[in-house]
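Residue numbers (my numbering): -19 to 113.
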């Protein structure tokens, strides 16, 4: 089977075209799903904000509950935006041929790591170093 030009660790077999297509398809599916979820979250948040303005006369418990719900929705939307950006960045790296290269040290990230987490930008060693800080 033909091979891709993406980098791999010395102990790994090169990416096949089929493996590269599989990763690209998964990222593109995620992109569509995340955009839809983000749109839904934005609509839900608009509803919560509109209802918050209309809630004059509600007791403190209702206002607190609405605030909690709004904060949870904001947090969810922020996480979705971050995942969307990571997914777009991974697809951009695939298009440029730099997918699989650690952004910190330049070494290969590793096929296994990328198959498990296709948005990875750091090799395992650099990721562990980052998390220790």
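Yeah, the Cβ is synthetic: ideal placement off N, Cα and C, and Gly gets one too. Please read all numbers here as calculations on a predicted model, not as lab measurements.
Please report the Cβ distance between residue i and residue j, rounded to the nearest whole angstrom; I am assuming they are in contact, meaning their Cβ atoms lie under 8 Å.
{"i": "residue 71", "j": "residue 89", "result": "Not quite, the Cβ-Cβ distance comes to about 16 Å (not below 8 Å), so this is no contact."}
{"i": "residue 74", "j": "residue 4", "result": "6 Å"}
{"i": "residue -8", "j": "residue 25", "result": "Their Cβ separation, rounded to whole angstroms, is 43 Å, which puts residue -8 and residue 25 out of contact at 8 Å."}
{"i": "residue 104", "j": "residue 113", "result": "No, residue 104 and residue 113 are not in contact; Cβ-Cβ is about 16 Å, not under 8 Å."}
Quick one: is residue i buried, meaning 16 or more other Cβ sit within 10 Å of its Cβ, or exposed?
{"i": "residue -6", "result": "exposed"}
{"i": "residue 55", "result": "exposed"}
{"i": "residue -16", "result": "buried"}
{"i": "residue 108", "result": "exposed"}
{"i": "residue 20", "result": "exposed"}
{"i": "residue 60", "result": "buried"}
{"i": "residue 51", "result": "exposed"}
{"i": "residue 10", "result": "buried"}
If I measure Cβ to Cβ from residue i and keep anything under 7 Å in the same chain, skipping five residues before and after, which residues do I get?
{"i": "residue 99", "result": "66, 67 and 70"}
{"i": "residue 0", "result": "-16 and -14"}
{"i": "residue 18", "result": "57, 60, 61 and 64"}
Can you find the residues in the same chain that come closer than 8 Å, C-beta to C-beta, to residue i, ignoring five residues on each side of it along the sequence?
{"i": "residue 49", "result": "28"}
{"i": "residue 8", "result": "71"}
Grab me the residues of residue i's own chain with a C-beta within less than 6 Å of its C-beta, minus the 5 sequence neighbours each way, in chain order.
{"i": "residue -13", "result": "80, 81 and 88"}
{"i": "residue 97", "result": "none"}
Roughly how many angstroms separate the alpha carbons of residue i and residue j, rounded to a whole number?
{"i": "residue -2", "j": "residue 91", "result": "13 Å"}
{"i": "residue 78", "j": "residue 22", "result": "33 Å"}
{"i": "residue 84", "j": "residue 106", "result": "7 Å"}
{"i": "residue 47", "j": "residue 30", "result": "12 Å"}
{"i": "residue 16", "j": "residue 6", "result": "16 Å"}
{"i": "residue 95", "j": "residue -11", "result": "13 Å"}
{"i": "residue 2", "j": "residue 76", "result": "17 Å"}
{"i": "residue 116", "j": "residue 86", "result": "The structure shown does not extend to residue 116, since the chain is modelled only from -19 through 113, so no value can be given for it."}
Which runs of the alpha helix (DSSP H) fall wholly inside the region 66 to 104 and span at least 4 residues, in chain order?
91 to 96
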